[in-house]
Structure formats: structure tokens, C-alpha cells
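Have a look at the structure below before the remarks.
Protein chains: 2
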Amino acid sequence: MPRYANVPGPTIRRLSLYLRQLEAMWSAGRDTVSSKQLGDALGVTDAQVRKDLAYFGQFGRPGIGYRVPHLIDQARMILGTDQTWRAALVGAGNLGRALIAYRGLARKGFKIVAVLDRDASIIGRPLPDSDGLAVLPVSTLPEVVPAKNIRIGIIAVPAPEAQPVADLMLQAGVQGIVNFAPVALNVPPGVPVSAIDLAIHFEQVAFQVAELAD
Amino acid sequence: MPRYANVPGPTIRRLSLYLRQLEAMWSAGRDTVSSKQLGDALGVTDAQVRKDLAYFGQFGRPGIGYRVPHLIDQARMILGTDQTWRAALVGAGNLGRALIAYRGLARKGFKIVAVLDRDASIIGRPLPDSDGLAVLPVSTLPEVVPAKNIRIGIIAVPAPEAQPVADLMLQAGVQGIVNFAPVALNVPPGVPVSAIDLAIHFEQVAFQVAELAD
């Protein structure tokens, strides 16, 4: 049985936001936080914070609030980032290389242990900031995923290549996908996919700025 | 008056998704689409598609559906991406360079016309894939933003530097911010900010994969 089958998706997403905020507070030397302070920092009400956290247990104490390090540990455990997630990255272009160099992922427990591309001119090349990884041909995915115990696939290829890469990842045994290609992937029901479409975030800001100007 | 003051945020976000899907369909040579087909491609109901689009006008025809190129034009006009948005990027690290090289932004009308950094060792250096841009000192933001007619600021600096960069951007006249730093920005009410926290997308997939394993 899933542990948190009844928890709404938006609550899970906010738990990530709470965790990020708590980590920032802890770095700044803060030991306790109230639901109001946590909510204010993220633009949600204190009632929402309490309701969200209540899905996972009883963490706060009336009049004291939440102990920051305890809540961080709990949130990491709930989200699964208290363990290490081994990931395969397909696409070693600019975005792929940015992901390899991005320390924020490693800090969250995500370790890119294989980088694959279909561009023959870069295969075998060592990647900067990657602990000595070299680019592998994308065709080796079926061997690499089980051999390296990979559970997460990261897609950073152009849109037309994304679906075949996703299919190959899932055949190879990848359990969840983070997709940076600007295209909706077609995967079997229940396969976790998180899509990050950079252009959409820009569009949303453009829309709001255009609204302000009118 | 804002043009679409009564349109819910989720509808605006889905309009971006519809547009992406319509563009893919148009590239594939498709001329018309029903609300059911559009919804199926994105995992929403046809009723939701019709309801969302009805906020902006009457686009479809019963029995025929929507004309793809017309709906693309309309969505771009509504979202504001039929115009060019001049942007300043602060942070010329890996992620910043990935954004410069990412053609998807230019296709959506976003043009990075200035790149700034505080690292003295890279200032003045020309950037690859950037149409000859060179890195400027971040302290020149107050001159660069008005001189280059910049409306959008892109933050791709480490978390502790993000807030001062945002403050400087807004003082310089930037109207909206796309923030890649994993920290919640504190901006005056009404300033459009879109936050892209890569780690959060990874966390959400990890959570779901962990759920499947239990």
C-alpha cells in the first residue's frame, strides 16, 4: 500500500516548498518556526500549513510551533529524499551539463550516475563537474540502468527525441522520469513523470507583465 | 484594466500547455482539433478544455472543433508571446549558459539581450551561442535595463545572492522575474515572479516512486 495514498498532490508539492524554506531557516540558525511564519514565507495561510502537515502526522506543539530540524528530517523522509536516488541523464547538451554541475540535486540526494547521448562526436568524452563520468551511447540504456541500479531517468533532449528516450528508459527499468523536453510524454498509467517546461514559466511571467501594462 | 483579471491562474497555466500541444500538432501537419483530442493529449477532460478556452472567447465550432493555427495565434496573443520580450540574465554559470543556448526561449519570443555576473574573471568574456553577448558586471544593471529596453529579469545565481539581485532588477525597472534560485523571493505585491526550482520536480518524482515501491 502506498504510504500517503490519500494526500492531495498540491499538499505534496507544498511539502517540497516547506522543506526548502525550513532548510533556509535552519541554515540561518533558526530552531523553531510557527505555522504562520512558515506560511508567510511562502504566501499561504497558517491554516493551510497546519492542514498540509497534519496529513503526515503530529509535528508541532501549541505555543512553540515546529522544531525546524525535526520537521526537515520528517519532510525528507516523507518525500523520500533521505535516501540516494541514482539517476540516468539522457542528453548531454547545455541543459544536461547544467544539471550535472548543479549541486542542488546532489544535496537533495539525486546522483547522476550515467550520462547518455546519441551524438557520436561526444560519446566517450569525460564530462566536467561529473566525478569522471563519460558520455555513453543512448543505446546502452538497457544494460546501464540495471547495472548501475538506476531508478530515475532525466530527459534533456530536443522535443522530437523525448518519447523514444522515455520508452527506452521504462523498458530498461527506470521507475520515474523528470522531463525537460517541451512535449507531453505518453507513459503507462501510474508511471511518475514530472515535466519542467522552462518556456511555460517565461510565458506565465510575460502574461502577467502584459496584464499590468494594460 | 487587466484584460483577463477574472481568469483563474490554473487556466492561464493550462493555456500554456494547450499552446505547446497545439504547436506540436501544427508541426505534425494537423489543421483542426477537438476539445476531447486536446484534453486527452494533456490528461484533462474535454469539458475543462472548453471551460478554459471560453474565458478568452469563442474559438471552436460544433462538430468541427478548433482550427489549430487560429487557436495558436489567439493563445500567443493572450499570453503575450506574440511580442518580443527583452530579458536580462543575471548569472552566467552552467544554468545561465544553458538558458542562453536554449532555442525554445527565442521561439517563444524571449530574447536575452544582456548577461550579467559578479564574477570578475568572466566579465567581458563573449558567451557561446549568444549572438556576441559579453558578460557585464551585475552592478551595471541600473544602466543596462533602461538602455536595452529590458522588461524581464532572469535569476540564475546561487540562492544567497538571489534576493539582492531581484531587488536590483526591480530598482532598475524590470517588470517581471523568472527565478531559478532555490529560494522564495520577497518582492512588492503584484510583481510577477515565476519560480522554477529544479530540485522540487525531482523530489516529486522521488516521492511518487517511493510510493509505488511501498
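Top to bottom, those sequences are chains E and F. Start counting the first sequence at 326; every next residue gets the next number (the numbering used here). Start counting the second sequence at 326; every next residue gets the next number (the numbering used here). For each residue, glycine too, the CB sits at the ideal point set by N, CA and C.
Chain E within 8 Å of residue i, Cβ atoms only
| i | result |
| --- | --- |
| L282 (chain F) | The structure shown does not extend to residue 282 (chain F), since chain F is modelled only from 326 to 539, so the question has no answer here. |
| R422 (chain F) | yes |
| Y427 (chain F) | yes |
| S341 (chain F) | yes |
| V530 (chain F) | yes |
| L414 (chain F) | no |
| P471 (chain F) | no |
| P513 (chain F) | no |
| P327 (chain F) | yes |
| Q533 (chain F) | yes |
| R338 (chain F) | yes |
| A349 (chain F) | yes |
| S519 (chain F) | yes |
| Q488 (chain F) | no |
Element boundaries [alpha helix (DSSP H), containing residue i]
| i | result |
| --- | --- |
| A484 (chain F) | 484 to 497 |
| G421 (chain F) | 419 to 426 |
| G334 (chain E) | 334 to 352 |
| L378 (chain E) | 371 to 379 |
According to DSSP, residues forming a beta bridge with residue i
| i | result |
| --- | --- |
| S519 (chain E) | E:V503 |
| Y391 (chain F) | F:V358 |
| I397 (chain E) | Paired residue(s): none; I397 (chain E) is not in a bridge. |
| L466 (chain F) | Paired residues: none, contrary to the question. |
| P451 (chain E) | E:A459 |
| R386 (chain F) | F:G390 |
| G478 (chain E) | E:A413, E:I502 |
Classification of residue i by the beta-carbon crowding that lies within 10 angstroms, buried from 16 upward
| i | result |
| --- | --- |
| P517 (chain F) | buried |
| N419 (chain F) | buried |
| Q500 (chain F) | buried |
| P507 (chain F) | buried |
| D377 (chain E) | buried |
| K473 (chain E) | exposed |
| A372 (chain E) | exposed |
| N504 (chain E) | buried |
| R401 (chain F) | buried |
| Q383 (chain E) | exposed |
| E468 (chain F) | exposed |
| Q529 (chain F) | buried |
| R476 (chain F) | buried |
| G434 (chain F) | buried |
| R339 (chain E) | buried |
| G405 (chain F) | buried |
| A330 (chain E) | exposed |
| L396 (chain F) | buried |
| D442 (chain E) | buried |
Bounding residues of the beta strand (DSSP E) (the contiguous stretch that carries residue i)
| i | result |
| --- | --- |
| K436 (chain F) | 435 to 442 |
| A413 (chain F) | 410 to 415 |
Contact set for residue i: own chain, Cβ-Cβ below 8 Å, skip 5 residues either direction
| i | result |
| --- | --- |
| L452 (chain F) | A417, R422, I425, V440, L458, A459, V460 |
| Q488 (chain E) | V508, L510, N511 |
| D398 (chain F) | D407 |
| G390 (chain E) | T357, V358, S359, S360, Q362 |
| R411 (chain F) | K436, V438, K473, N474, I475, R476, I477 |
Cut-off 7 Å between Cβ atoms - residues of its own chain near residue i, not counting five sequence neighbours on either side
| i | result |
| --- | --- |
| R450 (chain E) | A459, V460 |
| P394 (chain E) | W351 |
| L342 (chain E) | L367 |
| I447 (chain E) | A417, V460 |
| T409 (chain F) | G434, K436 |
| A497 (chain E) | L466, P467, V470 |
Beta carbon proximity, residue i to chain F, threshold 8 Å
| i | result |
| --- | --- |
| T406 (chain E) | yes |
| F435 (chain E) | yes |
| Q500 (chain E) | yes |
| R443 (chain E) | no |
| H526 (chain E) | yes |
| I389 (chain E) | no |
| D522 (chain E) | yes |
| L367 (chain E) | yes |
| N419 (chain E) | yes |
| L537 (chain E) | yes |
| V508 (chain E) | yes |
| P460 (chain E) | In the sequence as presented, Pro is not what sits at residue 460 (chain E); that position holds Val. So, not an interface residue. |
| I477 (chain E) | yes |
| V463 (chain E) | no |
Residues of its chain near residue i, where Cβ-Cβ distance is below 6 Å and the 5 sequence neighbours each way are ignored
| i | result |
| --- | --- |
| V374 (chain F) | S360, L363, G364 |
| L344 (chain F) | A400 |
| G478 (chain E) | A413, M494, V499, I502 |
| A366 (chain F) | Q346 |
Contact list for residue i against chain A, beta-carbon separation under 9 Å
| i | result |
| --- | --- |
| L378 (chain E) | The structure shown contains no chain A; the protein chains it does contain are E and F. |
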